[in-house]
């Protein structure tokens, strides 16, 4: 029963935080610390529930994904024509994903060895929050109101900003959305693009980690892992839909301040329990 409770809690944390600009990795590390759920099994479990969150985004954006693959046309609404193929396409996605994928491969061992402690996560939460406030405060004049107005240059530069999220706690969505704002991309377009490029990024990262750690799985863990996966999928589905509706009204600042408060509270906890 304790294992199922842990699976549910971690699944909820992953689903809520994976696509919000608060860092899911940071939250999972901190929650795992509180639950006493650490080690190789915990690392593999985090990979599996991340796949649940990816599936949620794929379900929400299935039309756009099929359009990117050239399988269907895409209409903005019933009164407008199909979006031309030269608008948002796979080149945008590739340009945005390559920098972080390449740098992640190069720095993988260093990141795993030195940046996954609670203290480095807390530093990432603070630094990421500062960057989000910078993105909101210094937002450039909007050049790309919709996702189909993104240029290749903007896509690539957003990909460079995504590299900041290799530091656990910084937040991939926070880095890409704030980076998009600095480049003249609207909140909604930056958010939609951030969620879309999360799919190949997370599939690649999760797939790589899963191949390295699949031998830690046993048949007795099936219920535990399936529970976490399903909870993560359902919660992420609701979180993404809600976040898309609220972002333009809330902006990034409330999430940045939340990160600061979380960092201070958990630092106090670590110092008291040291």
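Numbering (this note's numbering), first residue to last: 4 to 277. Every residue gets a Cβ at the ideal spot worked out from N, C-alpha and C, and that includes glycine. Predicted model, so just to flag it, every value in this text is computed and none were measured.
For the alpha helix (DSSP H) containing residue 177, name the first residue and the last one. As a working mapping, residue 177 is identified with position 174 in the chain shown. Taken as a continuous stretch (DSSP letters only), the alpha helix (DSSP H) holding residue 177 covers 175-185.
In the DSSP assignment, what are the bridge partners of residue 168? Walking along the chain shown from the start, residue 168 turns up at place 165. Residue 168 pairs with nothing; no bridge assigned.
Decide if residue 81 is buried, meaning its Cβ has at least 16 other Cβ atoms within 10 Å, or exposed. On the chain shown, residue 81 is found 78 positions in, with the first residue counted as 1. In this prediction, residue 81 has a pLDDT of 47, which is less than 50 and means its spatial position is unreliable; nothing more can be read from the coordinates.
Give every residue of the same chain whose Cβ lies closer than 6 Å to the Cβ of residue 119, excluding the five residues on either side of it in the sequence, and list them in chain order. As a first step, residue 119 is located in the chain shown; it is residue number 116 there, counting from the start. Closer than 6 Å at the Cβ level, and outside the excluded window around residue 119, lie 171.
For residue 246, which of 151, 115, 198 and 163 has the nearest alpha-carbon? Numbered from its first residue, the chain shown carries residue 246 at position 243. When only C-alpha atoms are compared, the closest one is 198.
Own chain, CB closer than 8 Å to residue 83, minus 5 neighbours either side, in chain order: On the chain shown, position 80 is the one that residue 83 refers to. Low local confidence applies: a pLDDT of 43 at residue 83 is under 50, so the model's placement there is unreliable, with the coordinate-based value given in what follows. Nothing meets the Cβ criterion.
Rounded to whole angstroms, what's the CA-CA distance from residue 149 to residue 188? Just pull it up for me. Here residue 149 corresponds to residue number 146 of the chain shown, with the count starting at 1. Here residue 188 corresponds to residue number 185 of the chain shown, with the count starting at 1. When rounded, the distance between both Cα atoms is 8 Å.
State the Cα-Cα distance for the pair residue 230 and residue 145, rounded to the nearest angstrom. Within the chain shown, the letter at position 227 stands for residue 230. Within the chain shown, the letter at position 142 stands for residue 145. Distance between the alpha carbons of residue 230 and residue 145 is about 42 Å.
Which word fits residue 113, buried or exposed, when buried means at least 16 other C-beta atoms lie within 10 angstroms of its C-beta? For this step, residue 113 is matched to residue 110 along the chain shown. Counting of Cβ neighbours within 10 angstroms places residue 113 among the exposed residues, the total staying below 16.
With the cut-off set at 9 Å, would you say residue 174 and residue 127 are in Cβ contact? Taking the chain shown and counting its residues from 1, one reaches residue 174 at position 171. Taking the chain shown and counting its residues from 1, one reaches residue 127 at position 124. The answer is yes: Cβ separation under 9 Å.
Would you call residue 21 buried or exposed, if buried means 16 or more other Cβ atoms sit within 10 Å of its Cβ? Position 18 of the chain shown, counted from the first residue, corresponds to residue 21. It counts as buried.
Tell me the DSSP secondary structure of residue 277 in three-state form. Working through the chain shown from its first residue, we reach residue 277 at position 274. Coil.
Checking 9 Å against the spacing of the C-beta atoms, do residue 132 and residue 228 come in under that value? As a first step, residue 132 is located in the chain shown; it is residue number 129 there, counting from the start. As a first step, residue 228 is located in the chain shown; it is residue number 225 there, counting from the start. Remark: C-beta atoms of residue 132 and residue 228 do not approach each other more closely than 9 Å.
Which of the three DSSP states is assigned to residue 124 in this structure? In the chain shown, counting from the first residue as 1, residue 124 sits at position 121. Reduced to three states, the DSSP call for residue 124 is helix.
Are the Cβ atoms of residue 68 and residue 59 separated by less than 9 Å? Sequence index remark: in the chain shown, residue 68 carries index 65 (1-based). Sequence index remark: in the chain shown, residue 59 carries index 56 (1-based). No, they are not a contact pair.
Beta-carbon within less than 7 Å of residue 153's beta-carbon, same chain only, minus the 5 sequence neighbours each way: which residues are those? Residue numbering aside, residue 153 sits at position 150 when the chain shown is read from its first letter. If we look at residue 153 and ignore the five residues flanking it on each side, its Cβ neighbours are 91, 95, 147, 188, 192 and 196.
Straight-line gap, residue 181 to residue 39 (C-alpha atoms, nearest Å): Within the chain shown, numbered from 1, the residue matching residue 181 stands at position 178. Within the chain shown, numbered from 1, the residue matching residue 39 stands at position 36. Looking at the backbone, the Cα of residue 181 and that of residue 39 are separated by about 33 Å.
Which partner residues of residue 147 appear in the DSSP bridge assignment? Reading the chain shown from its first residue, position 144 is the one you call residue 147. Partner(s): 188.
Can you look up residue 240 in the DSSP assignment and give me helix, strand or coil? Numbered from 1 along the chain shown, position 237 holds the residue referred to as residue 240. Residue 240: helix per DSSP, three-state reduction.
State yes or no: is the C-beta of residue 160 within less than 9 Å of the C-beta of residue 186? Position 157 of the chain shown, counted from the first residue, corresponds to residue 160. Position 183 of the chain shown, counted from the first residue, corresponds to residue 186. Yes, they are a contact pair.
Residue 216 versus 31, 19 and 42, residue with shortest Cα-Cα distance: In the chain shown, counting from the first residue as 1, residue 216 sits at position 213. For the residues 31, 19 and 42, the minimum Cα distance to residue 216 belongs to 42.
Hey, out of 25, 163 and 169, whose CA is closest to residue 1's CA? Because the chain is modelled from 4 through 277, residue 1 falls outside the range shown and cannot be assessed.
Could you tell me the alpha carbon to alpha carbon distance between residue 16 and residue 35, rounded to whole angstroms? In the chain shown, counting from the first residue as 1, residue 16 sits at position 13. In the chain shown, counting from the first residue as 1, residue 35 sits at position 32. Going by the C-alpha atoms only, they are around 10 Å apart.
Would you mind stating whether residue 102 and residue 162 have Cβ atoms separated by less than 9 Å? Here residue 102 is taken as the residue at index 99 of the chain shown, counted from 1. Here residue 162 is taken as the residue at index 159 of the chain shown, counted from 1. Yes, Cβ-Cβ distance for residue 102 and residue 162 is below 9 Å.
Look up residue 92 in the DSSP assignment and say whether it is helix, strand or coil. Within the chain shown, numbered from 1, the residue matching residue 92 stands at position 89. It is coil, neither helix nor strand.
In this structure, how does DSSP classify residue 41 when only helix, strand and coil are distinguished? Numbered from its first residue, the chain shown carries residue 41 at position 38. Coil, per DSSP.
The alpha helix (DSSP H) that contains residue 69, what's its start and end? By one-based count along the chain shown, residue 69 stands at place 66. Segment 65-71, the alpha helix (DSSP H) holding residue 69.
Taking buried to mean at least 16 other C-beta atoms within 10 Å of its own C-beta, is residue 7 buried or exposed? The residue labelled residue 7 in the question sits at position 4 within the chain shown. Answer is exposed; the Cβ neighbour count stays below 16.
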